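Novice: Take this structure first; my questions come after.
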Amino acid sequence: MRLAPILPVVALLALSSTAAVAGPELSRQVSAGAERGVERFGGIYEGGGISAASDAVRGCYKSLKRSAAGRLAECAALDIVSASVDQQAVHGLGVSPYEFFSGTGPEGRILAGIKTVGLSAKEKATFDRALEATMASAASEFIAE
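For the sequence shown, my numbering gives the first residue as -17, with consecutive numbering after it.
Here it is as structure tokens:
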């Protein structure tokens, strides 16, 4: 499955323009979480399609706790990949978009998750950069396949 549409969606993650760095540990947590989210998507989507993906995204965000940046990154990655695959189906197959993943839905959920987890502005900047880098890497891996 090609996930080339991830690249434009990754632009959603450029939400912060600050250059502050919250630390390499946060970056590692975010990268590991994002990788888990990307990996989870395949099994979820194969088992139940885009509807199952939306259920998984909802459940993931509901499970967030304070100071859980890695878990937030997992939720965000799952959300971004799901939205990208939905857009790919809309454009490639001509199906109607799945409302949950349309518009600013993923961005709004990620921002709400950032508040839930309690990231400072500095941590948010690090989160955004690490998530964007991991998602761009994941997209290039899928494109290469």
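No residue lacks a Cβ here, since even glycine has one placed at the ideal position from N, Cα and C. If you're wondering where the values come from, they're calculated on a predicted model, not measured in any experiment.
Would you report the Cα separation of Arg40 and Glu28, rounded to the nearest angstrom?
Specialist: Going by the C-alpha atoms only, they are around 18 angstroms apart.
Novice: Please report the residue range of the alpha helix (DSSP H) in which Tyr43 lies.
Specialist: That run of the alpha helix (DSSP H) goes 6 to 44.
Novice: Can you tell me whether Arg111 is buried or exposed? The criterion is at least 16 other CB atoms within 10 Å of its CB, across all chains shown.
Specialist: So Arg111 ends up on the buried side.
Novice: Quick check: Leu8 and Thr108, are their CB atoms within less than 8 angstroms of each other?
Specialist: Yes; because the gap between Cβ atoms is below 8 angstroms, this pair is in contact.
Novice: Taking 8 angstroms as the cut-off, decide whether the C-beta atoms of Glu115 and Ala55 are in contact.
Specialist: This sequence places Ala at residue 115; Glu is not what is there. Against a cut-off of 8 angstroms, the Cβ pair of Ala55 and Ala115 comes out as no contact.
Novice: Which whole-angstrom value describes the C-beta separation of Ala118 and Val20, a residue pair presumed to lie in contact below a C-beta threshold of 8 angstroms?
Specialist: In fact, because the Cβ distance is near 12 angstroms, the residues do not count as touching under 8 angstroms.
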